[in-house]
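The structure appears below as structure tokens.
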Amino acid sequence: MDNKSKLIDFAEHLKQADGLLITAGAGMGVDSGLPDFRGDNGFWTAYPPFQRLGKSFIDVATPQLFYTEPKLAWGFYGLRLNQYREVIPHNGFHLLKQWTEILPNLKHGSFVFTSNVDGEFQKVGFDDDKVFECHGSIHWLQCLDNCTRDIWSADSFVPVVDEYHCQLINDFPFCPHCGGMARPNILMFDDWKWQEEHQSPKEYQLEQWLFNVKKLAIIELGAGTAIPTVRKFGERLICYPINESVSFLRVNLREPHVPDKANCFGISMGALVALNNIQEAMYKS
């Protein structure tokens, strides 16, 4: 079956669904101009200072760097925080929000499961209570040393970064409880101090939402195998269904393969192009 036929078939399932689960990885943000950190070369293209330093994404995205090279650590996360604040979500996000609101059979609406930490879904109006950010959010901070389980908004922190050297120029954000350094409330590599409690209520809400849906449509966008959290979540719902029916569409330019299950489609395509094609298919039929 070609991509067009798969998209037409999935569009029909989506029109009959009473719940839409949107799962998204880094590839979802590429059409908004965000990097997907694919391999060392992809990371270095987005952040050239780390090629000069010989550091990979795994070297940088770790709590240890805040202890050994704090200005570099906050230079990296400060650049990302500024970038994510400024990003304009592409039209695919708006289409997903539109379907949530207007598809007549979608009485349970939608829920988002994403490993992205950028907040793009909330920017287009998705209810924060229905966006489960399984790796946390860059828009929240926590104590580096875990003196408290509290997390707090990063809104008051405006990073000033020397972009050539990727060094934070202004003061670090500090923990309001102990006065020590704060860090993003994001799951990093070799990270045993991430405060995930903020996401736990959303995880419970997602589980309850899934149990209430009878005809589930899942659309997975830009989730790769390097960090397979998002892919595994969707595949579990296909292989061990709790709903009366499940349809699944995986949109991934490089890794579109899917489990051999009924109503399970994989297409090699970018997120925005795929979503535009689904929109066209739904309103042509």
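Residue numbering for the sequence shown follows numbering that gives the first Met the number 0, beginning at 0 and increasing consecutively. Positions of the beta carbon are idealized from the N, C-alpha and C atoms, including for glycine. Values in this document were obtained by computation on a predicted structure and should not be read as measured data.
Going straight from the alpha carbon of residue i to that of residue j, what length do you get?
i	j	result
Asp127	Gln204	12 Å
Leu215	Met268	22 Å
Ser155	Phe65	20 Å
Thr44	Gly32	13 Å
Asn2	Glu202	32 Å
Pro258	Arg182	38 Å
Val245	Phe36	31 Å
Arg285	Phe56	Only positions 0 to 284 of the chain appear in the structure, and residue 285 is not among them; the question remains open.
Glu162	Leu71	10 Å
Asp39	Pro69	22 Å
Gln194	Met187	11 Å
Thr113	Val157	25 Å
Ser199	Leu209	16 Å
Phe285	Asn81	Shown here, the chain extends from 0 to 284; a query on residue 285 therefore has no answer.
Ile217	Phe42	29 Å
Leu94	Pro227	25 Å
Glu85	Val212	35 Å
Ile266	His107	26 Å
Lys54	Thr67	14 Å
Gly102	Lys283	A quick correction: the sequence has Leu, not Gly, at residue 102. Going by the C-alpha atoms only, they are around 15 Å apart.
Arg148	Tyr76	21 Å
Asp58	Arg51	13 Å
Ala314	Gln121	Limits of the chain in this structure are 0 at one end and 284 at the other, which puts residue 314 out of reach.
Leu19	Glu206	13 Å
Tyr83	Phe171	19 Å
Tyr239	Phe232	11 Å
His12	Lys192	41 Å
Thr27	Ala60	Here the sequence assigns Met to residue 27, which means Thr is not the residue at that position. Cα to Cα, Met27 sits roughly 20 Å from Ala60.
Since residue i sits in a beta bridge, which residues does DSSP pair it with?
i	result
Trp151	Leu140
Leu351	Here the chain comprises residues numbered 0 to 284, so residue 351 is not present and cannot be evaluated.
Gly265	Arg249
Val130	Val111
Pro183	Leu140
Ala216	Leu19 and Ser246
Gly135	Ile185
Phe173	Met180
Excluding five sequence neighbours on each side, which residues of the same chain lie with their C-beta closer than 8 Å to the C-beta of residue i?
i	result
Gly179	Cys142, Leu143, Asp144, Cys146 and Phe173
Trp139	Ile150, Trp151, Ser152, Ala153, Pro183, Asn184 and His197
Asn104	Lys14, Gln15, Ala16, Asp17 and Lys214
Cys177	Cys142, Asp144, Cys146 and Thr147
Ile241	Leu209 and Phe210
Leu78	Tyr46, Pro158, Val160, Glu162 and Cys165
Asn169	Val157, Pro158 and Val159
Going along the chain, which residues of its own chain have a beta-carbon closer than 6 Å to the beta-carbon of residue i, five neighbours each way excluded?
i	result
Pro34	Ala45
Asn74	Per the sequence shown, the amino acid found at residue 74 is Gly instead of Asn. Closer than 6 Å at the Cβ level, and outside the excluded window around Gly74, lie Val160, Cys165, Gln166 and Leu167.
Ala273	Val250
Ala280	Leu6, Ile7 and Ala10
His256	Gly265
Asn276	Leu6
So, under 8 Å CB-CB, residue i and residue j are touching, yes? Tell me the CB distance rounded to an integer number of Å.
i	j	result
Ile21	Ser109	6 Å
Val250	Ala270	6 Å
Phe264	Leu252	Wrong, their Cβ atoms sit about 15 Å apart, outside the cutoff.
Gly91	Asp30	7 Å
Gly223	Glu254	6 Å
Glu219	Arg230	7 Å
Gln63	Asp189	7 Å
Cβ of residue i versus every heavy atom of the ligand GTP: is any distance shorter than 8 Å?
i	result
Leu274	For the ligand GTP, the structure offers nothing, since it holds no ligand at all.
Starting from the C-beta of residue i, find all residues in its chain whose C-beta is less than 7 Å away, skip the five residues before and the five after it, and write them out in chain order.
i	result
Lys96	Val123, Gly124 and Phe125
Ile237	Val245, Phe247, Pro258, Lys260 and Cys263
Val116	Glu132, His134, Gly135, Ser136, Ile137 and Ile185
Thr99	Leu19, Leu105, Gly108 and Ser109
His89	Asp30, Ser31 and Leu271
Pro48	Tyr163, His164 and Cys165
Ile87	Ser31
**Message:** Please give me, in chain order, every unbroken run of the alpha helix (DSSP H) with length at least 4 that falls completely inside the segment 21-109.
**Reply:** 38-45, 48-52, 56-59, 63-67, 69-85 and 90-101
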